[in-house]
Structure formats: structure tokens, C-alpha cells
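Residue numbers (our numbering): 495 to 811. Have a look at the structure below before the remarks.
Structural data, given as C-alpha cells:
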């Protein structure tokens, strides 16, 4: 089997490459050319004879199509994105081009081929729709990132219906790991906890359904082994940013309210504080998913606990 992964240098792409290589796949990945190296998540793979990196950009449809036709993969995983929700408010056009039109480029490149395609959809598409959220819940995104992802998701459903393409969409809720990028709130918290530094955060009461990326890439692969469809992957448990902060520290005390809230350890050392610059123009207050369909059809359920995930992130640089 041969797989092609966009976004292979990211958290999910690197874990997926590990998984597929372990299953005997030949893995090809797309990497953007940059003046600095950003391959630290996959450096342990580059010498393998079944692992191949290709320079390219998901926004370059012609080059992407040519590359996919040359590789002739059995499976294509589209994980490339501008995936930071906060940044999407500052760079909405770029986010739309990479997330929305980038997905369309993948679909067009794969349409003439008999290839299975995985699209990385997201729980951000639900916005503030009341949960638990499943594949039939209403979408109402509140960020440029969520809106672009919903465009991509709907295009995948349309190509599946109109052209009979084997496209599956994984509606993944938040998933973290030591390989998470340093600007994401969970990694900011665990990096600061390990270093004994103060971390500055936005809304401490925003709630998310957090799982481990290793579990979720297993779900991605399983989706392409069954009939093409949409699947939610989630733990079914919602926790606040405040709870994540507590899990990363042995003991923590909060004082103040709102933008003036501060957290201290047992020695009265400040370990966290709210900074309004991290507030989002529109906030999703609570996300929690229902992965019953994935459990029934894919035999998937998360294996790594929230507590073990946070502990691993604190212990691993």
C-alpha cells in the first residue's frame, strides 16, 4: 500500500506516518519549502527506504495534481491547514486558500483516480451548537478557520455524492500530544509547567473535548478501510482550559476574576495569568463529541486517558 500525506510535518501527519510505516505502507509526504527546517517531528523517519518527502504547496493545484499522479497512491490524507483558530481571524484569506481551496485542489487531483481520500474536518465547524455533537448535528462555525473547514467538508460530501469518490471526513475534536505546536494553548500550558514559568492565556472557562493525537490518527486510517462516510472522533468528555491547567500542576490556586485572574502554586509563585490579547473575537464556549458511530463501525475508541496525555506532555520537551 502507498499513502500520500499533506501536512506531514505537523502533529497529526507525523503520527500518521509512524502508524502507516508500522503497517508496511510506503509513505509519501508533502512539505512546503521554507528557509528554515521544520521537520523535527519526522526527522526519525527520513532515512527509511519507504519514506519520501516532496516539496510542494497545497495551494498549487497543478503541481499537486502532477505529484499525486506520479506517486499513484492508494490512500491520500489531507491534513494540511492553517490550523490555528486565533490566527485565522488575523489571516482569513490565507486560511480560506489553504484550508478550503487547498482541499478542493486535493479533490480535483484525485478525482480521475481510484484512490481513497481522508479529509481532516474539525469540531470547530459546530460553533456553539449544543452537544454532545455527532455526524448529524448542525454546523454553525464562528471563526474563519471553522468556516473554511466547513467549505472543505461540504465539497468532500459533494464529490462523494456527485462523482462517487471514496472520500471520508473525520470530524475530529481537539487532540493533543508532545508534538503539538508551541503556540497552541495546551502546549503553552505544559511547556510552561515543565519550565516552571508563567503562562499567559485567554478564556480559562472555554471547554473542549481533548484526546491524544495517537488515538485519532488510528481512527483516520480506519475510516479509509470501510465505505466512505463521515465520522466524529471524540472522547465524550469536556474540560475547561482551567482544568487543563490544573492537570499540568500538582497544586494550583486561582485568584481574581476575568481579565485579572491569576494562578499561583503552593509557594505563591505566579504560574498563569489571563491576557486579553488571547481572547477570540467570537468564542466557542463548550465542545463535546459523540463518537458512537466510529465505535460501532470502525471499532474505534480512545485508549489514552486525559490525565496520561497531560502527564506525557509535561514530561516530554
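Positions of the beta carbon are idealized from the N, C-alpha and C atoms, including for glycine.
Taking a contact to require three or more Cβ pairs closer than 8 angstroms, the region 679–695 and the region 753–771 qualify as touching. The shortest C-alpha to C-alpha distance from residue 699 to any of 625, 661, 755 is the one to 755.
For residue 585, there is no enclosing alpha helix (DSSP H), as DSSP marks it with neither H nor E. Closest in alpha carbon position to residue 752, among 650, 772, 746, is 772.
Look at residue 663 here: in three-state DSSP terms it is strand.
Sequence-distant partners of residue 535 (beyond 5 residues in either direction) whose C-beta falls short of 8 angstroms from its own C-beta, in its chain, are 503, 504, 505, 507, 508, 673.
Per DSSP, reduced to three states, the secondary structure at residue 683 is helical.
For the set 596, 683, 701, the Cα lying nearest the Cα of residue 693 is the one of 683.
For residue 523, no alpha helix (DSSP H) encloses it; the enclosing beta strand (DSSP E) starts and ends at 520–525. When DSSP reads this structure, residue 673 sits in no beta bridge, so it has no partner. In the DSSP secondary-structure assignment, residue 499 is bridged to 523, 571. Here the alpha carbons of residue 521 and residue 546 stand approximately 6 angstroms from one another.
Setting aside the 5 residues that flank it on each side, residue 779 is surrounded in the same chain by 622, 699, 700, 701, each with a C-beta closer than 8 angstroms to its C-beta; the list follows chain order.
Shown here, residue 645 sits in a helix according to DSSP, grouped into three states. Between residue 585 and residue 611, the gap from beta carbon to beta carbon reaches 9 angstroms or more. Contact annotation: the region 738–746 does not touch the region 641–658, with fewer than three C-beta pairs closer than 8 angstroms. In the displayed model, residue 737 falls within a helix according to three-state DSSP. When rounded, the separation of the alpha-carbon atoms in residue 608 and residue 731 is 38 angstroms.
For residue 617, no beta strand (DSSP E) run applies, since DSSP gives it neither H nor E.
Between the alpha carbons of residue 770 and residue 695 lies a gap of roughly 8 angstroms. DSSP places residue 504 in the coil class of the three-state scheme, outside both helix and strand. DSSP, reduced to helix, strand and coil, places residue 772 within a helical segment of the structure shown.
The closest CA to that of residue 808, considering only 738, 729, 757, 775, is found on 738. Between residue 636 and residue 777, the CB-CB gap stays under 9 angstroms.
Not a single unbroken stretch of the beta strand (DSSP E) spanning 3 or more residues falls wholly within the region 783–807.
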